[in-house]
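Worksheet for the structure shown next.
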Amino acid sequence: MLQTKKKILLVDDSSTALMIERMLLGGATYDLVTARDGREAVAKAESERPDLILMDVVMPNMTGIEACRSLREKESTRSIPIILVTTRGESENVEKGFASGCNDYVTKPINGLELMTKIKNQLGG
Amino acid sequence: MKDKVDAADFVRHVRESAQQYSQDLLQENERLIGMVSSLHEQIAQIEATNRAFAARSVEVEQLNATLANLYVASYRIHGSLEREEVLSTLQEILINLIGTEEFAVFEREGQSPAMKPVTSFGVEAARIKPFRLDEIGLGACVARGAPYVPSQDVDSTALSLPITACVPLRIGERVVGAIVVYRLLSHKPTLEDADLELFTLLASHAATALYCSDLHARARIEARA
């Protein structure tokens with residue numbers, strides 16, 4: 014029986030960030046879909062039903078924190094694991110992220126090994 | 283009498299059998315001890331080999347990540363001929379792939395040694411002052427033509443410069459601009475070798491991309507004229 018690939022929603026307003034995330038996660042490992050801001054992320058999460066969301070914090074239209082809260086309020090997206098990507102690693106920003114409902118976070122510039130480990134932790138290997 | 287002789291023989295036979303059995307058990311025990319010791323050695327060797335493979339795997343992953351960064355940076359910086367997009371992409375590279383918090387990009391004014399700021403991020407405008415390539419300090423650093431990190435050069439008089447790195451932008455041997463990094467993101471304590479590789483790539487590719495965007499703008503103006 015063929016195992017279907019897990020789907021990850023990548024959310025970032027930076028094309029450079031999306032490209033590097035695609036290179037780290039793409040290929041045969043995961044199916045990837047993208048969104049360019051928080052509002053689009055919420056819409057895509059409802060339509061695509063990803064297995065995990067990797068989301069930047071600072072974005073136009075709707076920030077990652079706001080999008081995270083919105084996703085946690087909706088029945089259809091409440092249980093999707095969310096990893097926030099932040100340029101701010103200070104504890105108060107990390108706390109804000111977890112308070113919004115994220116499951117984990119990584120800091121920019123993204124460390125590929127750390128990201129893969131955290132994704133595997135959330136997706137159960 | 284015969285019974286006594288038979289009994290004695292029997293006892294002797296049993297004793298000899300028991301001694302032989304004990305000998306056999308001792309020999310087997312020694313053989314098994316030797317085998318266990320050999321297996322322990324093999325396990326230790328396999329564990330050492332596994333550790334070496336794991337370390338090598340981490341090295342390969344890091345190399346892959348470095349190569350991915352270099353590929354993405356060169357792909358993206360040449361992705362547009364519009365000057366504003368080139369500068370915007372340069373900002374994205376510096377923030378997302380290196381982890382800079384404060385930086386400015388300078389361009390040389392024609393043939394003069396004057397360098398003027400053209401874009402910045404996260405840094406107060408008052409800190410961004412034009413400079414000249416024939417001045418000591420930042421000008422001299424940029425004029426050298428190679429990426430420079432003051433903290434990694436203990437002999438340099440440029441240690442007093444309030445910068446984290448400067449990256450001269452070059453077309454051939456000619457310095458046409460510079461990226462000056464004032465501060466890294468708070469969770470990034472220092473620049474790594476991979477960052478310096480990226481700086482080396484940007485030194486030429488960012489310069490070429492900006493030059494091409496200027497040519498494109500001029501060609502468009504001439505086409506309209």
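So the sequences go chain by chain: A and B.
Taking our numbering, the leading residue of the first sequence gets 14, the next gets one more, and so forth.
Taking our numbering, the leading residue of the second sequence gets 283, the next gets one more, and so forth.
Note that beta-carbon positions come from the ideal geometry of N, C-alpha and C, so glycine has one too.
Predicted model, so just to flag it, every value in this text is computed and none were measured.
Exercise. State the CB to CB distance for the pair V98 (chain A) and I123 (chain A), rounded to an integer number of angstroms; the pair is presumed to be in contact (CB under 8 Å).
Key: Within the first sequence, the letter at position 85 stands for residue 98 (chain A). Within the first sequence, the letter at position 110 stands for residue 123 (chain A). Going by Cβ atoms, the distance from V98 (chain A) to I123 (chain A) rounds to 7 Å, so yes, they are a contact pair.
Quiz item: Going along chain B, which residues have a C-beta under 8 Å from A30 (chain A)?
Solution: Here residue 30 (chain A) refers to the residue found at position 17 of the first sequence. Chain B residues near A30 (chain A): E374, N378.
Quiz prompt | Same chain, Cβ closer than 8 Å to R91 (chain A), neighbours up to 5 away in sequence not counted | solution = For the purposes of this step, residue 91 (chain A) is taken as residue 78 along the first sequence, with counting starting at 1. Closer than 8 Å at Cβ, skipping near neighbours: L84, R85.
Self-check item: 6 Å CB neighbourhood of Y430 (chain B) in its chain, flanking five on each side removed
Solution: Translated into positions along the second sequence, residue 430 (chain B) becomes position 148. C423, C448.
Exercise. For V340 (chain B), go through chain A and note every residue whose CB falls closer than 9 Å to its CB, in chain order.
Key: Taking the first residue of the second sequence as 1, we reach residue 340 (chain B) at position 58. Within 9 Å Cβ-Cβ: L126.
Exercise. Could you tell me whether the Cβ of E343 (chain B) comes closer than 8 Å to any Cβ of chain A?
Key: Here the question's residue 343 (chain B) lines up with position 61 in the second sequence. For E343 (chain B), the answer is yes, since a Cβ of chain A falls inside 8 Å of its Cβ.
Exercise. Compute the beta-carbon to beta-carbon distance between K20 (chain A) and E61 (chain A), rounded to the nearest angstrom, for a pair I have assumed lies under 8 Å.
Key: Translated into the one-based positions of the first sequence, residue 20 (chain A) becomes position 7. Translated into the one-based positions of the first sequence, residue 61 (chain A) becomes position 48. So it is a contact: roughly 7 Å between Cβ atoms.
Quiz item: Does any residue of chain A bring its CB to less than 8 Å from the CB of L508 (chain B)?
Solution: Only positions 283 to 507 of chain B appear in the structure, and residue 508 (chain B) is not among them; the question remains open.
Practice problem: Would you mind sorting A112 (chain A) into buried or exposed? The rule is 16 or more other CB atoms within 10 Å of its CB. | Solution: By 1-based counting over the first sequence, the position of residue 112 (chain A) is 99. When all chains shown are included, A112 (chain A) counts as exposed.
Quiz item: Is there at least one Cβ from chain A nearer than 8 Å to T371 (chain B)'s Cβ?
Solution: Position 89 of the second sequence, counting from 1, holds the residue named residue 371 (chain B). It does: the Cβ of T371 (chain B) has a partner Cβ on chain A nearer than 8 Å.
Quiz prompt | Contact with chain B by I78 (chain A), beta-carbon distance below 8 Å | solution = Here residue 78 (chain A) is taken as the residue at index 65 of the first sequence, counted from 1. No, I78 (chain A) lies away from the interface with chain B (no Cβ there is under 8 Å from its Cβ).
Self-check item: Contact set between N351 (chain B) and chain A, taken where Cβ atoms lie within less than 7 Å
Solution: Position 69 of the second sequence, counting from 1, holds the residue named residue 351 (chain B). Neighbours of N351 (chain B) on chain A, chain order: I33.
Practice problem: Check the C-beta distance from G77 (chain A) over to D69 (chain A) and give it rounded, since I have them as a contact under 8 Å. | Solution: Here residue 77 (chain A) refers to the residue found at position 64 of the first sequence. Here residue 69 (chain A) refers to the residue found at position 56 of the first sequence. G77 (chain A) to D69 (chain A), Cβ: 5 Å. Contact.
Quiz item: Using the beta-carbon count (16 or more within 10 Å), is R452 (chain B) buried or exposed?
Solution: Position 170 of the second sequence, counting from 1, holds the residue named residue 452 (chain B). It counts as buried.
Quiz item: With a cut-off of 8 Å, does the C-beta of M72 (chain A) fall near any C-beta of chain B?
Solution: Indexing the first sequence from 1 puts residue 72 (chain A) at position 59. M72 (chain A) does not count as touching chain B.
Quiz item: How is P94 (chain A) classed by DSSP in three states: helix, strand or coil?
Solution: Taking the first residue of the first sequence as position 1, residue 94 (chain A) is located at position 81. It is coil, neither helix nor strand.
Quiz item: What is the DSSP secondary structure of T331 (chain B), counted as helix, strand or coil?
Solution: Numbered from its first residue, the second sequence carries residue 331 (chain B) at position 49. In this structure, DSSP gives T331 (chain B) a helical state, which the three-state scheme calls helix.
Exercise. Please classify H295 (chain B): is it buried, with 16 or more other beta-carbons within 10 angstroms of its beta-carbon, or exposed?
Key: In the second sequence, residue 295 (chain B) corresponds to position 13, counting from 1. With fewer than 16 Cβ atoms within 10 Å of its Cβ, H295 (chain B) is classed as exposed.
Exercise. Under 8 Å by Cβ, that's how I've got K121 (chain A) and I359 (chain B) pegged, so tell me the actual separation to the nearest angstrom.
Key: By one-based count along the first sequence, residue 121 (chain A) stands at place 108. By one-based count along the second sequence, residue 359 (chain B) stands at place 77. That pair is no contact at about 18 Å.
Self-check item: Through-space distance from D44 (chain A) to L31 (chain A), alpha-carbon basis
Solution: In the first sequence, residue 31 (chain A) corresponds to position 18, counting from 1. In the first sequence, residue 44 (chain A) corresponds to position 31, counting from 1. Each residue's alpha carbon lies about 14 Å from the other.
Exercise. Return the bridge partner residues of I66 (chain A) from the DSSP annotation.
Key: Within the first sequence, numbered from 1, the residue matching residue 66 (chain A) stands at position 53. In DSSP, I66 (chain A) forms a bridge with A:L22, A:I95.
Quiz item: Distance, Cα to Cα, L497 (chain B) vs E504 (chain B)?
Solution: Locating residue 497 (chain B) in the second sequence gives position 215, counting from the first residue. Locating residue 504 (chain B) in the second sequence gives position 222, counting from the first residue. Taking the straight line from one Cα to the other gives about 10 Å.
Quiz item: Along chain A, in chain order, which residues have C-beta atoms closer than 9 Å to that of R358 (chain B)?
Solution: Position 76 of the second sequence holds residue 358 (chain B). Going along chain A in sequence order, the residues near R358 (chain B) (Cβ under 9 Å) are S28, T29, M32.
Quiz prompt | Closer than 9 Å at the beta carbon, the chain A residues around G381 (chain B) | solution = Within the second sequence, residue 381 (chain B) is the residue found at index 99, counting from 1. Those within 9 Å of G381 (chain B) in chain A are T100, T120, K121, P122.
Quiz item: How big is the Cα-Cα spacing for S299 (chain B) and N332 (chain B)?
Solution: Against the second sequence, residue 299 (chain B) aligns to sequence position 17. Against the second sequence, residue 332 (chain B) aligns to sequence position 50. In a straight line, the C-alpha of S299 (chain B) is about 49 Å away from that of N332 (chain B).
Exercise. Measure the C-alpha to C-alpha separation of M129 (chain A) and T446 (chain B) and round it to an integer number of angstroms.
Key: Position 116 of the first sequence, counted from the start, is the residue given in the question as residue 129 (chain A). Position 164 of the second sequence, counted from the start, is the residue given in the question as residue 446 (chain B). Those two C-alpha atoms are separated by around 30 Å.
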